[in-house]
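Heads up: the sequence shown begins at 324 in our numbering, then just goes up one per residue. Below: the structure, in structure tokens.
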Amino acid sequence: MQIGMMGLGRMGYNMALRLMAGGHEVVAYDLNRDNVAAIETQGAVAASSVEDLIAHLKPPRAIWLMLPAAVTESTVRDLSTHLSPDDILIDGGNSNYRNAVDLAGELATAGIHFLDVGTSGGVWGKERGYCLMIGGDAGAVARLDPVFATLAPGGDPSFGTAERGYLHCGPAGAGHFVKMIHNGIEYGMMAAYAEGLNILKSANAGAVARKADAETSPLEEPQYYRYDFDVAAVTEVWRHASVISSWLLDLTASALSADPDLSSYQGNVADSGEGRWTLKAAIDTSVPVPVLSSALFSRFTSRGNDEFANKVLSAMRQAFGGHIEKKESH
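Structural data, given as structure tokens:
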């Protein structure tokens, strides 16, 4: 099957490679000409512009977008002015599901199909396959089944598509909604691992000298905190038959094995939007999500967004009790 791929970043490039390995013809375009040139050497048809991309595709066309959420909406609207009825636009990035609902409605008036496909798999998807959560018109989804089947991990075709790694979740927006919740859960899982490992890292607190002053809380029963754990080894043993084993733990163990102190990281953790949208959906539907909200807020904290609040706390302590702020060394 012929398909256009627009956006050749970390995931888009590898998805194009997987599609070509599965026998599909990929027409590729990216603002970065080097990425286009590189994928051309792998067998893709290179497009020099949006117009060139469309010209290379035979109607009815299918164009898959792997773009940042900030530019996806405007790009879809621009592309739609060049397309014909029965063409399909697919958004595989991490866009807000509400945008998918709106865009699908707009494009439907011109007879153009819009599919939102939440895509999980990261940089490992080329080898492992991608988990695909699909929203949109059932007819367009069926038409692209060969593409979804190639991108997904695969399995026995006698089973349903979910067992093979892709699922038509519902109408417009459903794919991105399911992926949004997927990423919200991911935030929580990552935070749980990180917090637990941090306790292990600090389990030798009883062997560390503490200052004896009015501003330092004493450690009760220091004899119970004299463990110098090999955190990398702990994550490795957890990988084998433990209840909390997972691919996420596999990746964590690999990172700790390569860099036990994670000295190459600053701990400035970004969020790309899905966690925020998950919280909004939870609020709108009155669903309590204390774990997911805490995980999101901890990312804000990692970026220093609590600095002023902490200064306010220090100012209040000094004002009511004369407590002089301690200068901690890290």
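For each residue, glycine too, the CB sits at the ideal point set by N, CA and C.
For the candidate residues the options, whose alpha-carbon lies nearest to that of residue i?
{"i": "LEU572", "options": "GLY598, LYS603, GLY345, GLY519", "result": "GLY519"}
{"i": "LYS381", "options": "ASN358, LEU390, LEU406, LEU402", "result": "LEU406"}
{"i": "GLN325", "options": "LEU402, ASP468, GLN589", "result": "ASP468"}
{"i": "GLU348", "options": "VAL440, ALA367, GLY529", "result": "ALA367"}
{"i": "ASP375", "options": "ALA351, ILE362, THR404", "result": "ALA351"}
{"i": "ARG466", "options": "ALA431, VAL359, ALA485, LEU412", "result": "LEU412"}
{"i": "ASN521", "options": "ALA535, GLU544, GLY493, TYR550", "result": "TYR550"}
{"i": "LEU474", "options": "TYR516, PRO583, ARG451", "result": "ARG451"}
Am I right that residue i and residue j are in contact with their C-beta atoms under 8 Å? What's the rounded C-beta distance?
{"i": "ILE457", "j": "HIS491", "result": "5 Å"}
{"i": "LEU340", "j": "LYS449", "result": "6 Å"}
{"i": "LEU455", "j": "PHE437", "result": "About 16 Å separates the two Cβ atoms, so there is no contact after all."}
{"i": "GLY459", "j": "PRO494", "result": "7 Å"}
{"i": "TRP600", "j": "MET503", "result": "5 Å"}
So, with DSSP's three-state summary, where would you put residue i?
{"i": "TYR510", "result": "helix"}
{"i": "THR558", "result": "helix"}
{"i": "GLN546", "result": "helix"}
{"i": "GLU651", "result": "coil"}
{"i": "ASP553", "result": "coil"}
{"i": "MET328", "result": "strand"}
{"i": "CYS370", "result": "According to the sequence displayed, residue 370 carries Ala and not Cys. Coil."}
{"i": "ILE411", "result": "strand"}
{"i": "SER443", "result": "strand"}
{"i": "PHE482", "result": "coil"}
{"i": "MET639", "result": "helix"}
{"i": "GLU538", "result": "coil"}
{"i": "ALA392", "result": "helix"}
{"i": "VAL612", "result": "coil"}
{"i": "HIS646", "result": "coil"}
{"i": "VAL464", "result": "helix"}
Give the straight-line distance between the Cα atoms of residue i and residue j, rounded to the nearest whole angstrom.
{"i": "LEU523", "j": "VAL501", "result": "33 Å"}
{"i": "ALA378", "j": "ILE386", "result": "12 Å"}
{"i": "ARG356", "j": "SER372", "result": "10 Å"}
{"i": "LEU602", "j": "ALA463", "result": "31 Å"}
{"i": "ALA535", "j": "SER586", "result": "30 Å"}
{"i": "ASP607", "j": "ARG421", "result": "13 Å"}
{"i": "GLY445", "j": "ALA497", "result": "20 Å"}
{"i": "VAL359", "j": "TYR510", "result": "33 Å"}
{"i": "GLN641", "j": "ASP629", "result": "19 Å"}
{"i": "TYR541", "j": "ALA638", "result": "A small fix is needed here, since residue 541 is Pro in this sequence, not Tyr. Distance between the alpha carbons of PRO541 and ALA638 is about 23 Å."}
{"i": "VAL614", "j": "PHE623", "result": "15 Å"}
Would you verify that the beta carbon of residue i is, or is not, closer than 9 Å to some beta carbon of chain B?
{"i": "HIS347", "result": "Chain labels in this structure do not include chain B; a single protein chain is all it has."}
Output needed for residue i: all residues of its chain with C-beta closer than 8 Å, excluding positions within five of it in sequence on either side, in chain order.
{"i": "THR398", "result": "MET329, LEU388, LEU390"}
{"i": "SER568", "result": "TRP561, ARG562"}
{"i": "GLY416", "result": "GLY330, LEU388, MET389, LEU390, PRO391, ALA392, THR395, THR442"}
{"i": "THR539", "result": "ARG533, LYS649"}
{"i": "MET512", "result": "SER569, LEU571"}
{"i": "GLY596", "result": "ALA392, ASN417, ASN419"}
By Cβ distance below 6 Å, which residues in the same chain neighbour residue i in space, the five residues on each side in sequence not counted?
{"i": "PRO383", "result": "ASP409, ASP410"}
{"i": "ALA555", "result": "LEU579, SER580, PRO583"}
{"i": "GLY345", "result": "THR473"}
{"i": "ARG626", "result": "ASN591"}
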